[in-house]
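Numbering (the numbering used here), first residue to last: 10 to 415.
Backbone N, C-alpha and C define an ideal beta-carbon position, used for all residues, glycine too.
I have placed the structure first, in the form of structure tokens, so that the comments after it can refer back to it.
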Amino acid sequence: MFDTTNIVVGLEVGTSKVCAVVGELGEDGDLSILGLGQSRSSGVRKGEIVDMEQAELDIRRALQEAEQMANVEVRSVYLAVTGGHIRGFNNCGIHPVQDPEQGVTEEDVLEVMRNARSVNVPAHEEVIHTVRQHFQVDGHGEVREPVGMLGRRLEVSVHVIAGQIDRLRNSIRAVRSVHVNVEEIVFSGLASALAVLSAEEKQEGALVIDMGGGTTDYVVFAGGILRHAGVLAVGGDHVTNDLACALKVSQSRAEQLKVDYGAAFVEDRIRGQTLDLTNYLGMPLRTISLETLRRVMHLRLEETFELVRQQVTAAGLYDSLGAGVVLCGGCARIPQVTALAEQVFDLPVSIGRTQGVSGLKSALDQPEFATGIGLLRFAQQHRVRPVRRSLMRGLADRLKFFIHRG
Ligand SMILES: Nc1ncnc2c1ncn2[C@@H]1O[C@H](COP(=O)(O)OP(=O)(O)OP(=O)(O)O)[C@@H](O)[C@H]1O
Ligand SMILES: [Mg+2]
Numbered sequence: 010m011f012d013t014t015n016i017v018v019g020l021e022v023g024t025s026k027v028c029a030v031v032g033e034l035g036e037d038g039d040l041s042i043l044g045l046g047q048s049r050s051s052g053v054r055k056g057e058i059v060d061m062e063q064a065e066l067d068i069r070r071a072l073q074e075a076e077q078m079a080n081v082e083v084r085s086v087y088l089a090v091t092g093g094h095i096r097g098f099n100n101c102g103i104h105p106v107q108d109p110e111q112g113v114t115e116e117d118v119l120e121v122m123r124n125a126r127s128v129n130v131p132a133h134e135e136v137i138h139t140v141r142q143h144f145q146v147d148g149h150g151e152v153r154e155p156v157g158m159l160g161r162r163l164e165v166s167v168h169v170i171a172g173q174i175d176r177l178r179n180s181i182r183a184v185r186s187v188h189v190n191v192e193e194i195v196f197s198g199l200a201s202a203l204a205v206l207s208a209e210e211k212q213e214g215a216l217v218i219d220m221g222g223g224t225t226d227y228v229v230f231a232g233g234i235l236r237h238a239g240v241l242a243v244g245g246d247h248v249t250n251d252l253a254c255a256l257k258v259s260q261s262r263a264e265q266l267k268v269d270y271g272a273a274f275v276e277d278r279i280r281g282q283t284l285d286l287t288n289y290l291g292m293p294l295r296t297i298s299l300e301t302l303r304r305v306m307h308l309r310l311e312e313t314f315e316l317v318r319q320q321v322t323a324a325g326l327y328d329s330l331g332a333g334v335v336l337c338g339g340c341a342r343i344p345q346v347t348a349l350a351e352q353v354f355d356l357p358v359s360i361g362r363t364q365g366v367s368g369l370k371s372a373l374d375q376p377e378f379a380t381g382i383g384l385l386r387f388a389q390q391h392r393v394r395p396v397r398r399s400l401m402r403g404l405a406d407r408l409k410f411f412i413h414r415g
């Protein structure tokens with residue numbers, strides 16, 4: 010029997026799949042995966058719930074499977090959230106030090122963080138994460154730990170990740186409707202980065218791109234902390250759509266062709282090659298061009314990487330990526346996608362492997378489970394134990410959450 014106070018559950022209600030991961034937190038930072046449940050996702054578009062009933066069914070299915078495998082009852086989850094409405098931006102807060110004679114206290118730090126979190130956030134948005142970048146005391150320096158320093162004015166620069174409150178609420182509501190509580194909501198891209206980046210990579214600087222079915226989430230870590238986050242409402246489904254249009258085939262056929270014959274480059278050797286499509290009886294239907302298939306994929310993926318590169322460059326972080334780029338999400342399985350990313354970013358690129366996790370091996374080696382596993386890492390780093398949060402607690406309360414470190 011497990012000590013259930015050490016059991017945490019991550020839930021991603023993604024565009025392609027709903028995925029629940031049950032983990033056991035060990036002493037000294039160990040994390041063991043006990044169960045994994047999956048369901049095809051039919052109620053989500055571009056990372057956001059569009060059919061509540063269907064999403065509930067899929068969530069129930071994934072949780073049941075995970076419960077059976079792990080032999081635990083899931084009462085609460087860390088829930089991944091994404092969608093084009095989620096944005097990352099820099100903010101800063103100012104706070105007069107309460108007792109300048111005594112110096113900066115923990116209380117002053119909490120106050121200045123509170124101030125930084127609420128500035129410039131419109132009423133229809135809710136803050137998901139506030140990540141401290143550095144402090145200044147009386148306008149001086151880039152201070153990492155201000156407590157104990159003498160001064161009158163404490164300032165903090167933060168990176169805020171926020172999303173539209175109603176859309177975040179929809180995700181929480183779908184989970185609650187299956188009688189499961191939400192401990193915290195976590196930006197999917199951040200969860201993925203926590204799963205695949207080592208401490209060294211976070212320190213040296215790395216860009217993690219999670220390319221899912223409906224969204225491409227990205228985060229930059231540098232100097233050990235999260236520096237920037239963003240979402241493009243474009244993912245593998247758009248590649249499928251492009252293929253369906255260009256090849257004049259159905260969505261399901263396009264999806265199949267993408268997985269079976271897709272790649273991120275048009276190699277010379279495949280020029281002029283064709284594929285024979287058959288109907289459901291195996292009878293010849295028509296012929297399509299493999300070159301066109303790959304070119305369509307190349308163009309969409311290249312454009313997606315270019316958009317991420319532009320945004321990271323605009324945030325002034327391109328030169329901070331000493332450890333390069335790490336890809337995850339289902340689209341990281343596309344052959345030659347790392348080579349394409351290397352070409353666009355002009356940096357070393359690798360497929361993310363989950364770090365320091367034991368347990369179900371098959372789950373750990375798939376790039377699409379980075380978010381689910383990263384949620385457990387998040388729980389490990391931020392959980393206040395033992396807690397059993399009330400179902401009735403307000404969203405605003407739940408979202409008041411500071412990340413001190415990545
Ligand atoms: N072998 C493969 N080749 C090409 N594409 C693949 C392959 N395996 C998965 N994909 C694509 O990956 C996408 C699904 O990825 P993933 O499971 O990470 O999405 P998701 O988490 O459900 O969605 P999101 O996070 O965007 O809401 C789909 O577009 C799927 O077609
Ligand atoms: Mg995903």
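Locate the alpha helix (DSSP H) running through residue i, then write down its first and last residues.
i: F314; result: 299-323
i: I246; result: It should be pointed out that residue 246 corresponds to Asp in this sequence rather than to Ile. It spans 245-256 - the alpha helix (DSSP H) in which D246 sits, taken as one unbroken run.
i: F371; result: Strictly speaking, residue 371 in this sequence is Ser, with Phe absent from that position. Its alpha helix (DSSP H) spans residues 370-373.
i: I174; result: 174-185
i: T380; result: 379-391
i: E351; result: 346-354
Go ahead and pull the three-state DSSP assignment for residue i.
i: A272; result: coil
i: Y327; result: helix
i: A208; result: helix
i: N190; result: strand
i: G339; result: helix
i: E57; result: strand
i: R162; result: strand
i: T14; result: helix
i: P105; result: strand
i: S201; result: helix
i: R49; result: strand
i: L290; result: coil
i: S367; result: strand
i: A171; result: strand
i: S259; result: coil
i: R295; result: strand
i: G19; result: strand
i: D285; result: strand
i: G452; result: The shown model of the chain, from 10 to 415, leaves out residue 452, and the question about it has no answer.
CB-CB under 6 Å to residue i, same chain, minus the five flanking residues each way: which ones, in chain order?
i: G23; result: S50, G221
i: L199; result: V228
i: R304; result: V275
i: E418; result: As shown, the chain starts at 10 and ends at 415. That puts residue 418 outside it, with no answer to give.
i: D219; result: G198, S201, D226, C337, G338
i: A272; result: R303, P344, Q345
i: G281; result: none
Tell me which residues share the same chain as residue i and place their Cβ nearer than 7 Å to its Cβ, disregarding the 5 neighbours each side in the sequence.
i: Q264; result: Correcting the residue type first, residue 264 is Glu in the shown sequence and not Gln. Excluding residues within five positions, the ones whose Cβ falls inside 7 Å are T249.
i: R69; result: V187
i: E33; result: F11, N15, I16, S41, L43
i: Q63; result: S51, G52
i: T347; result: L336, V358, S359, I360
Going by C-alpha distance, which of the options is nearest residue i?
i: I170; options: Q260, E134, F314; result: E134
i: I343; options: L266, V90, T363; result: L266
i: T139; options: A89, G223, I234, G214; result: I234
i: V317; options: K26, T224, L252, Y270; result: T224
i: V146; options: A255, H168, G112; result: G112
i: L326; options: Y87, E213, R278, I297; result: E213
i: R141; options: G157, N99, E115, L290; result: N99
i: G239; options: V321, E300, E164, G368; result: V321
i: S207; options: R362, A372, R126, M158; result: R362
i: K257; options: P155, T301, V217; result: T301
i: I95; options: E115, S166, R182, V136; result: V136
i: M76; options: A29, V152, V195; result: Note on residue identity: the sequence assigns Glu, not Met, to residue 76. Cα-wise, what sits closest to E76 is A29.
i: E193; options: S85, V27, A71, S367; result: S85
In terms of residues, what are the limits of the beta strand (DSSP E) holding residue i?
i: E134; result: 134-146
i: S127; result: Note, S127: premise wrong, no beta strand (DSSP E); alpha helix (DSSP H) at 115-127.
i: A29; result: 26-34
i: V217; result: 215-220
i: D226; result: 225-231
i: Y87; result: 85-90
i: I95; result: Run containing I95: none; DSSP gives neither H nor E here.
i: S359; result: 358-360
i: V240; result: 234-241
i: G150; result: 149-152
Does any C-beta atom of chain D lie closer than 8 Å to the C-beta of residue i?
i: V189; result: Although the question refers to chain D, the structure presented lacks it and comprises just one protein chain.
Decide if the segment 95-113 is in contact with the segment 34-42; the criterion is three or more beta carbon pairs, one per stretch, under 8 Å apart.
Output reads no: the segment 34-42 does not touch the segment 95-113.
Three-pair Cβ contact test at 8 Å for the segment 200-220 versus the segment 377-386:
In short, these stretches touch, since the Cβ pair count reaches three.
Between the segment 50-59 and the segment 75-84, do at least 3 Cβ pairs fall closer than 8 Å?
Cβ pair count under 8 Å is below three, so no.
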